[in-house]
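Quick note, my numbering runs 3 ahead of the 1-based positions in the sequence shown. All residues carry an ideal CB built from backbone N, CA and C; glycine is no exception. Note that the coordinates shown come from a computational prediction; the quantities given were computed from them, not determined experimentally.
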Amino acid sequence: MRARWILMGIGLPLWLMLVWCSNPGLETSRDLEADRQQGQLFRNIAGDSVGYVGKEICRSCHAELYDSYMETGMGRSWGASPEHSKASWTGTATVVYDKHLDMHYQSIRTVDGIYILEFRLDEKGDTVHRRKEKVDMVVGSGQHTNSHIMVRNGKMCQMPMTYYTQEGRWDLPPGFENGNNSRFARPIEAECINCHNAHPAQNPGGANHYYTVPQGIDCERCHGPGALHVREKQAGKIIDTSKGPDYSIVNPRRLSHSLQNDLCKRCHLQGNAVLKEGRSFTDFKPGMVLSDVFSVF
């Protein structure tokens, strides 16, 4: 079955999409057991014993690669400062009207940040409702969109305005249209954040409550958790990768096309993801067979 693909604004190269992610024969002809065995060679993805270290640790040895990656859409997928936004705040285009709720929305940029204003007017044009919330985080590299997140009482929610960069306009976010506007209450849960950012530290008791939130998709999303790799390098265990793989961390180039395809599909296959019993959205790691964790319909 031919997979349908969408780019979520994080700029994967066209050759990657064509070579790794669009061959309809890969999924039907793959040897699942061979893929599982290959993935198991990489010691950093076996079980949950290997932790994540964050991209700044990677930078200490791979500064040039780090700097280059941080200029990509994935490296700029999430930010906590107004400077991360590519939006325009000029003219009346900053005001959006939702006819279903009879609400107006306006984006406002001030010296201390970005705000989203919600207001309603009566038949005389007088303001009868007004709510103003500060933007805490900006989602998206700005190549396609910037959406906006607020954190209140530790809970993360999407706000009701998105900037569509290529069209140069503000509007309701995807999923908020046609009477589905949840205003300032759409929770940012694991399924969402795990494709738009690096792994956050989530409160197990709160679906959209996080202890810490990283700033952008990081190296470990495509290489797997890095603690084992870092520990071995710090101990002086250096592998000559010209002679063979370093199995302390996943190198996507060393994976079969099917496993490379699964790595892309984790976030770039359009559809509804259904978890296998006992699985969570954080269980999938590079080098794993995607269908062992969830299916997309």
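DSSP-derived helix/strand/coil call for residue i
i, result
"H87", "helix"
"L272", "strand"
"C64", "coil"
"G78", "coil"
"D249", "coil"
"C222", "coil"
"D51", "coil"
"G209", "coil"
"P255", "helix"
"T285", "coil"
"S144", "coil"
"I191", "coil"
"L124", "strand"
"D174", "strand"
"K279", "coil"
"H232", "helix"
"R39", "helix"
"R186", "coil"
Residues of its chain near residue i, where Cβ-Cβ distance is below 7 Å and the 5 sequence neighbours each way are ignored
i, result
"R33", "S261"
"G172", "Reading the sequence as shown, one finds Arg at residue 172 and not Gly. Hits under 7 Å: A96."
"F122", "H107, T130, H132 and R133"
"M162", "I119, E136, V138, H151, I152, M153 and F187"
"R39", "V292"
"R257", "P248"
Residues of its chain near residue i, where Cβ-Cβ distance is below 6 Å and the 5 sequence neighbours each way are ignored
i, result
"V216", "P203"
"D295", "none"
"P85", "G116 and I117"
"A90", "N149 and Y166"
"Q205", "Y213"
Residue i vs residue j beta-carbon contact at 8 Å
i, j, result
"C303", "N211", "No statement about residue 303 is possible, as the shown extent of the chain runs from 4 to 300 and does not include it."
"G78", "I252", "no"
"Y118", "I111", "yes"
"K58", "C198", "no"
"Q146", "T168", "yes"
"G54", "A238", "no"
"A276", "V292", "no"
"A81", "V142", "First, the residue type needs correcting, since residue 81 is Trp and not Ala in the sequence shown. Closer than 8 Å, so yes."
"G208", "F45", "no"
Residues of its chain near residue i, where Cβ-Cβ distance is below 8 Å and the 5 sequence neighbours each way are ignored
i, result
"D125", "V131"
"E280", "none"
Opposing strand residues paired with residue i [DSSP bridges]
i, result
"Y312", "This structure cannot settle anything about residue 312, because the visible part of the chain is limited to 4 through 300."
"D101", "M106"
"I241", "DSSP output for I241 lists no bridge partner at all."
"Y72", "According to DSSP, Y72 bridges with nothing at all."
Check your understanding: Is the region 36-51 close to the region 190-200, with three or more CB pairs under 8 Å?
Key -> no
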